[in-house]
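A.B. asks: In the numbering used here, the protein residues as written are 56 to 282.
Beta carbons: idealized from backbone N, C-alpha and C, even for Gly.
Starting off with a structure, shown below.
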Amino acid sequence: MVYKAVMQGEKLRKGPWYEEEDKQLITFVTILGDRKWDYLARVSGPYDSGGIKRCGKSCRLRWLNYLRPNIKHGDISIEEEQIILQLHEQWGNKWARIARSLPGRTDNEIKNYWRTHLRRKIMQAREQENLQCAREDGKQDFLFQKVDFDVQTYEAGEHKPVDDTSGTSNTCSDALGFSSSAVTNSPYDVRFFDWDYNCTESCISYTARNSDDNDVWGWSDSIWDMN
DNA sequence: AACTAGTACAACCGCATCGGT
DNA sequence: GACCGATGCGGTTGTACTAGT
Numbered sequence: 056m057v058y059k060a061v062m063q064g065e066k067l068r069k070g071p072w073y074e075e076e077d078k079q080l081i082t083f084v085t086i087l088g089d090r091k092w093d094y095l096a097r098v099s100g101p102y103d104s105g106g107i108k109r110c111g112k113s114c115r116l117r118w119l120n121y122l123r124p125n126i127k128h129g130d131i132s133i134e135e136e137q138i139i140l141q142l143h144e145q146w147g148n149k150w151a152r153i154a155r156s157l158p159g160r161t162d163n164e165i166k167n168y169w170r171t172h173l174r175r176k177i178m179q180a181r182e183q184e185n186l187q188c189a190r191e192d193g194k195q196d197f198l199f200q201k202v203d204f205d206v207q208t209y210e211a212g213e214h215k216p217v218d219d220t221s222g223t224s225n226t227c228s229d230a231l232g233f234s235s236s237a238v239t240n241s242p243y244d245v246r247f248f249d250w251d252y253n254c255t256e257s258c259i260s261y262t263a264r265n266s267d268d269n270d271v272w273g274w275s276d277s278i279w280d281m282n
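Take a look at the structure:
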């Protein structure tokens, strides 16, 4: 058996978990609880006597992200997606905190989902937005009389126009429901910031052009589904 | 069919924080 | 209060899978 051969030839395993390892881990967590991971890994004993050849940290991660009860496996729903977006906007990359608001979802899952799905969608939405901005270049002079962007205020985390008398939101990131604090909280978000910063000079508010729609989360259908 | 590029996700790593001594 | 091991968290990497050529 490949599994046995591998297990017997190693001291402390890394990499993907085998089904047998999962079963062992579940057994030991049931007996010892899900707190003392190093202890659990140690007292489980050598592989030959049914032990787990993993460090406590690895056991903990496997349990929390995959094996523990009530974990939801499968696609993240539209509702969950909107909650993630909303909370990320609010808290930034606090994945564990966000995960606590989504029963059955793990911080790792949310983090991965953000990176692979939402980040790309936002980029696409913004690119589309930018294209539209470029096409409407001729109208910009007129619009910038209403939206006067203050870079210092933006960088200070107060992402607002100097003159908001039009009563509409402003800039591309506001249109997407992202504050600068959330946008600048991570390496990959910094790229949003750079992009957004560049675009603010030439970009027109989404909501300014869609002033009837003030529901921040109502854009999921219209902006997300750009394909 | 073979290769390549892109995507998704599980797992690892390093650092911060917590809790016991 | 200082130290040290355990735990938690966020960023990153590795790899399997899929689609395109």
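Cα separation between I81 and T171?
C.D. replies: The residue labelled residue 81 in the question sits at position 26 within the first sequence. The residue labelled residue 171 in the question sits at position 116 within the first sequence. If I take the Cα positions, the gap works out to 30 Å.
A.B. asks: Using 8 Å for Cβ pairs, my map puts H143 next to W118. What's the rounded Cβ distance?
C.D. replies: Indexing the first sequence from 1 puts residue 143 at position 88. Indexing the first sequence from 1 puts residue 118 at position 63. That pair is no contact at about 25 Å.
A.B. asks: Does R68 come out as helix, strand or coil in the three-state DSSP assignment?
C.D. replies: Residue numbering aside, residue 68 sits at position 13 when the first sequence is read from its first letter. R68 falls in the coil class under three-state DSSP.
A.B. asks: Quick one: residues in its chain with C-beta nearer than 7 Å to the C-beta of C114, no 5 flanking neighbours on either side, listed in chain order?
C.D. replies: In the first sequence, counting from the first residue as 1, residue 114 sits at position 59. For C114, where only same-chain residues beyond five positions count, the Cβ hits under 7 Å are L80, W92, L95, A96, I107.
A.B. asks: Would you mind listing the alpha helix (DSSP H) stretches within the stretch 106-143 that are 4+ residues and don't spill past its ends, in chain order?
C.D. replies: Listed in chain order, they are 111-117.
A.B. asks: Alpha carbon to alpha carbon, how far is I153 from T161?
C.D. replies: To locate residue 153, count along the first sequence from 1; it is residue 98. To locate residue 161, count along the first sequence from 1; it is residue 106. Each residue's Cα considered, the two are about 9 Å apart.
A.B. asks: Around the C-beta of K78, are 16 or more other C-beta atoms found within 10 angstroms, so that it is buried, or is it exposed?
C.D. replies: Reading the first sequence from its first residue, position 23 is the one you call residue 78. By the 10 Å Cβ count, K78 comes out exposed.
A.B. asks: My guess is that W150 and I165 are in contact by the Cβ rule of under 8 Å, so how many angstroms apart are they, rounded?
C.D. replies: Stepping through the first sequence from its first residue, residue 150 is reached at position 95. Stepping through the first sequence from its first residue, residue 165 is reached at position 110. That pair is a contact at about 5 Å.
A.B. asks: According to DSSP, is L80 part of a helix, a strand, or is it coil?
C.D. replies: Taking the first residue of the first sequence as 1, we reach residue 80 at position 25. Looking at L80 - three-state DSSP - the assignment turns out to be helix.
A.B. asks: In this structure, how does DSSP classify L157 when only helix, strand and coil are distinguished?
C.D. replies: What you label residue 157 is simply residue 102 of the first sequence in a count that begins at 1. Correct three-state label for L157: coil.
A.B. asks: When the Cα atoms are used, what is the spatial distance from E76 to Q187?
C.D. replies: Numbered from its first residue, the first sequence carries residue 76 at position 21. Numbered from its first residue, the first sequence carries residue 187 at position 132. Looking at the two C-alpha atoms, the distance is approximately 53 Å.
A.B. asks: Using the three-state DSSP reduction, which class does T262 fall into: helix, strand or coil?
C.D. replies: The sequence position of residue 262 within the first sequence is 207, counting from 1. For T262, the predicted structure reports a pLDDT of 31, less than 50, and the residue's modelled location is therefore unreliable. A value from the coordinates is still provided. In this structure, T262 counts as helix in the three-state DSSP scheme.
A.B. asks: Give the straight-line distance between the Cα atoms of N125 and R68, rounded to the nearest whole angstrom.
C.D. replies: Looking up residue 125 in the first sequence gives position 70. Looking up residue 68 in the first sequence gives position 13. Near 27 Å, if we compare the C-alpha coordinates of R68 and N125.
A.B. asks: Under the three-state reduction of DSSP, which class applies to S234: helix, strand or coil?
C.D. replies: Counting from 1 along the first sequence, the entry for residue 234 is found at position 179. Per-residue confidence for S234 stands at a pLDDT of 41, beneath the threshold of 50, marking its modelled position as unreliable; no derived number is given.
A.B. asks: Would you mind sorting V98 into buried or exposed? The rule is 16 or more other CB atoms within 10 Å of its CB.
C.D. replies: Along the first sequence, read from residue 1 onward, the residue named residue 98 stands at position 43. V98 comes out exposed.
A.B. asks: Rank R90, V84, L87, L116 by C-alpha distance to the C-alpha of G70 and give the top, closest one.
C.D. replies: Stepping through the first sequence from its first residue, residue 70 is reached at position 15. Ranking R90, V84, L87, L116 by Cα distance to G70 puts L116 first.
A.B. asks: Going by Cα to Cα distance, which pick from K112, R123, R174, Y121 is closest to E136?
C.D. replies: Start at 1 with the first residue of the first sequence, and residue 136 comes out as number 81. Here the closest residue by C-alpha is R174.
A.B. asks: Assuming S156 and I138 are in contact, meaning their beta carbons sit under 8 Å apart, how far apart are those beta carbons, in whole angstroms?
C.D. replies: What you label residue 156 is simply residue 101 of the first sequence in a count that begins at 1. What you label residue 138 is simply residue 83 of the first sequence in a count that begins at 1. 6 Å between Cβ atoms; contact.
A.B. asks: CB N148 to CB N120, shorter than 8 Å?
C.D. replies: What you label residue 148 is simply residue 93 of the first sequence in a count that begins at 1. What you label residue 120 is simply residue 65 of the first sequence in a count that begins at 1. Going by C-beta atoms, N148 is not nearer than 8 Å to N120.
A.B. asks: Can you give the beta carbon distance from K127 to G159, rounded, assuming they're within the 8 Å contact cut?
C.D. replies: Counting from one through the first sequence, the residue named residue 127 turns up at place 72. Counting from one through the first sequence, the residue named residue 159 turns up at place 104. Their Cβ separation, rounded to whole angstroms, is 3 Å, which keeps K127 and G159 in contact under 8 Å.
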